Amino acid sequence: MKKKLSIILILFIFVLSGCVKNENSQKSQANAILDEMIIALEDNDTQTIKSMFSTKVQETLGDELDEQIEEMTKYFEGDVVSYEKIRTVSGGESIDKGVLTYSSIGNAKSKKVMTDKDQYTISFSAILIDDKKENEGIWRIWIGTSEDNYLIVGISDMPLS
């Protein structure tokens, strides 16, 4: 009985450490996206922001995405003083025959993006890995100074694996 319990405990720890590893990987990828987004916002670099969106979102929204991004860069005022890294990510993953085939981030959020003019919250959802490459990239960005003063850029509904 003790041997079975030991094996179950070891398997549980192995599975749990895999989940923590995947969460940390998603969190570091989310923070890399956030870093790139903040630099682009500060520089009013609409082309970099657009390139961060999935090809599917770019094709679906067309010129509307350009307009949304332009509005977002005008909305975001000032030079960045500091910002809070993303601490927790939600998302999903699919593994087929031991290979990661789908990975997504939902509502990765930085609550304190401080500029010399205002404080913003930035949240985004993205597909990191998909067998349909056109789905990979950001799908939605939420940026706001309050729950009553915000913009949504992109498409809210991401496809599932």
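Under the working numbering, think of the first position of the sequence shown as 639, with each following residue one higher.
All C-beta atoms in this analysis are idealised placements derived from N, C-alpha and C, irrespective of residue type, glycine included.
Bear in mind the structure is a predicted one, so any value in this text is a computation, not a measurement.
Between the C-alpha atoms of residue i and residue j, what's the straight-line distance to the nearest angstrom?
{"i": "ILE671", "j": "MET710", "result": "16 Å"}
{"i": "LYS659", "j": "PHE691", "result": "Model confidence at LYS659 stands at a pLDDT of 44, short of 50, so the residue's coordinates are unreliable and nothing is read from them."}
{"i": "ILE754", "j": "PRO797", "result": "Rather than Ile, the amino acid found at residue 754 in this sequence is Asp. Approximately 37 Å between the Cα atoms of the pair."}
{"i": "GLY736", "j": "ASP769", "result": "15 Å"}
{"i": "GLU785", "j": "GLU674", "result": "24 Å"}
{"i": "THR739", "j": "GLY775", "result": "15 Å"}
{"i": "LYS712", "j": "TYR788", "result": "12 Å"}
{"i": "GLY716", "j": "VAL751", "result": "11 Å"}
With a cut-off of 8 Å on the beta carbons, I'd call residue i and residue j a contact; round off their distance for me.
{"i": "TRP777", "j": "VAL695", "result": "6 Å"}
{"i": "GLY729", "j": "SER742", "result": "5 Å"}
{"i": "VAL791", "j": "ILE707", "result": "6 Å"}
{"i": "ASN745", "j": "SER761", "result": "5 Å"}
Closest to residue i by C-alpha separation, out of the options, would be which residue?
{"i": "TYR758", "options": "SER692, GLY775, VAL718", "result": "VAL718"}
{"i": "LYS723", "options": "SER784, LYS747, GLY792, ASP734", "result": "LYS747"}
{"i": "LEU793", "options": "GLU702, ASP734, ALA668, GLU680", "result": "Sequence check: residue 793 is Ile here, not Leu. Taking only the C-alpha atoms, the option nearest ILE793 is GLU702."}
{"i": "GLU772", "options": "TYR788, ILE676, SER663, SER689", "result": "SER689"}
{"i": "ALA678", "options": "GLY782, LEU699, PHE714", "result": "PHE714"}
{"i": "SER666", "options": "VAL751, LEU699, ARG725, GLU705", "result": "ARG725"}
{"i": "THR783", "options": "ASP756, THR693, LEU738", "result": "ASP756"}
{"i": "GLN664", "options": "ASP734, LYS749, VAL727, THR693", "result": "VAL727"}
Does residue i come out as helix, strand or coil in the three-state DSSP assignment?
{"i": "ILE724", "result": "coil"}
{"i": "LYS688", "result": "helix"}
{"i": "SER663", "result": "helix"}
{"i": "ILE776", "result": "strand"}
{"i": "LYS770", "result": "coil"}
{"i": "ASN682", "result": "coil"}
Please tell me whether, using a cut-off of 7 Å, the distance from the CB of residue i to the nearest non-hydrogen atom of the ligand FMN is below it.
{"i": "THR759", "result": "In the structure shown, the ligand FMN is absent, as is every other ligand, since no ligand is present at all."}
Report task. Taking 8 Å as the threshold, find out whether the stretch 762-769 comes into contact with the stretch 676-684 through three or more Cβ pairs. Result -> no
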